[in-house]
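This report refers to the structure that appears directly beneath it.
Pasting the structure below:
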C-alpha cells in the first residue's frame, strides 16, 4: 500500500510517497506554500504531478503548528485544514497530524550514516535514550526512548526553560534579550531570530539571521564571534538535555540554522562547551553528537510512524 507523507512549515511543504519499507525513492517534491490556495490543492497537484493515480492508503503530516480536535490552523500563513479534509482530498482512509519535531523523533531509529555527520564522537548505547533538537524559526526539542526496538517519542517544551548564560558575551546577550522580552528562554537565544538579536546585542545594529550568516561566511569577525557564541550555547543546551534524560543513544542536532553555520563551528570549542559539566565531564565524552544533513528527517519519521500504525 502506498501512503502520503508531508512536512509542512511556514514557507514550504515537502511531500513524498511511502510504503512499509520507508520513503519511496525519488518521490519527494518541495513546494512554496504561497503558490497554492490550500493544503488540499497542493496534495492533489503533487499526486497528479508525480503520476500517482487513485487513492493513497493513509496520510501522515508533520506540521509546525498546534493541532486542535483534528484541525490545524497554520501560524505563519492562511492555510486551514483538518484530518477529514485531507482524507477527502487524497482518498486516504486515515490522516494523522504530528508536531514537526515529534515526527523527526519517530525517524530516529531509521537514520543511517547517510542522514547525518558526526560532530563529536562517542559510544552510543543500543536502545539508549536519544535527544533531538535544533534551532530554526524556534527551537525544536524531542526525546526518544526506544523500547524493544520501538520508539517512545516524548514531545518537549524544554526550549522555554530559562536561559543560563555562562560567559561575559552570553550575559550581555541575555541582558539585551531580557530588556526586549522579559523572560529569556533558550529559544530566544537558539533560533534564527536569536542569532540576529545576538548580533544586535554586541554591535547595536539590527539585521537579519540570513545577513549574520552571510557576514560570517565572508569572514566578518563580529559575525564569526556571534556564530561561536551561538554554537557554544547550543552545546550547553544539548548537554543539559543529555544529563536530564541520560541520553546514552546520542544527540542529533537539526533545524534550519545549522546547515548555514555548521562549516563555521569550532569543533574543539563546541566539545569543551558540551563536556563542561564538572564531575560528569568524562561521561559526556561518551555521548555522540551528530548533525542531521538530510533535508527529510520529518518525512522519514512520518513514514516510520505510518509503518507502526
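Residue numbers (my numbering): 29 to 337.
Don't be surprised by glycine CBs; every beta carbon is placed ideally from N, CA and C.
Anticipated Cβ contact below 8 Å, residue 138 with residue 282, distance rounded:
About 14 Å separates the two Cβ atoms, so there is no contact after all.
For residue 34 versus residue 89, is the C-beta spacing smaller than 7 Å?
yes
Measuring only the C-alpha atoms, how far is residue 47 from residue 265?
36 Å
Does at least one heavy atom of the ligand ADP sit under 6 Å from the Cβ of residue 140?
Among the components modelled here there is no ligand, and therefore nothing to report on the ligand ADP.
Which two residues bound the contiguous beta strand (DSSP E) that contains residue 41?
40 to 47
Quick one: is residue 176 buried, meaning 16 or more other Cβ sit within 10 Å of its Cβ, or exposed?
With fewer than 16 Cβ atoms within 10 Å of its Cβ, residue 176 is classed as exposed.
Around the C-beta of residue 237, are 16 or more other C-beta atoms found within 10 angstroms, so that it is buried, or is it exposed?
buried
Looking only at its chain, what residues have a beta carbon closer than 7 Å to the beta carbon of residue 191, apart from the 5 residues adjacent to it on each side?
202, 212, 213, 214, 216, 217
Excluding the five sequence neighbours on either side, which residues of its own chain have a C-beta within less than 7 Å of the C-beta of residue 327, listed in chain order?
33, 35, 42, 44, 51, 56
Integer Cβ distance of residue 377 from residue 181, believed to fall under 8 Å
The chain is shown only over 29 to 337; residue 377 falls outside these bounds and no answer can be derived.
Please go through the region 283 to 331 and give each complete alpha helix (DSSP H) segment of 4 or more residues, from N-terminal end onward.
286 to 289, 295 to 302, 309 to 312
Quick check on DSSP: helix, strand or coil for residue 339?
In the structure as shown, the chain starts at 29 and stops at 337, and residue 339 therefore has no counterpart that could be examined.
For the beta strand (DSSP E) that contains residue 278, what are its first and last residues?
278 to 281
Quick check on DSSP: helix, strand or coil for residue 52?
coil
Could you check where the alpha helix (DSSP H) with residue 225 kicks off and where it finishes?
220 to 231
What three-state label does DSSP hand residue 78 in the structure shown?
coil
May I ask you to list the residues that DSSP assigns as paired with residue 67?
Answer is none; residue 67 lacks a bridge partner.
Decide yes or no for the touch test of the region 298 to 315 against the region 267 to 287: beta carbon pairs closer than 8 Å, at least 3 of them.
yes
Please report the distance separating the alpha-carbon of residue 403 from that of residue 321.
This structure cannot speak to residue 403, because the chain is shown only from 29 to 337.
My understanding is that residue 134 touches residue 179, with C-beta atoms under 8 Å, so please give their C-beta distance in whole angstroms.
6 Å
Using alpha carbons as the reference points, say which of 205, 210, 245 lies closest to residue 228.
The shortest Cα separation from residue 228 among 205, 210, 245 belongs to 205.
Cβ-based burial, residue 125 [other Cβ within 10 Å; buried from 16]:
buried
In the DSSP assignment, what are the bridge partners of residue 87?
32, 123
Cα separation between residue 301 and residue 259?
9 Å
Taking C-beta to C-beta, are residue 128 and residue 186 nearer than 7 Å?
no
CA-CA distance, residue 200 and residue 254?
12 Å
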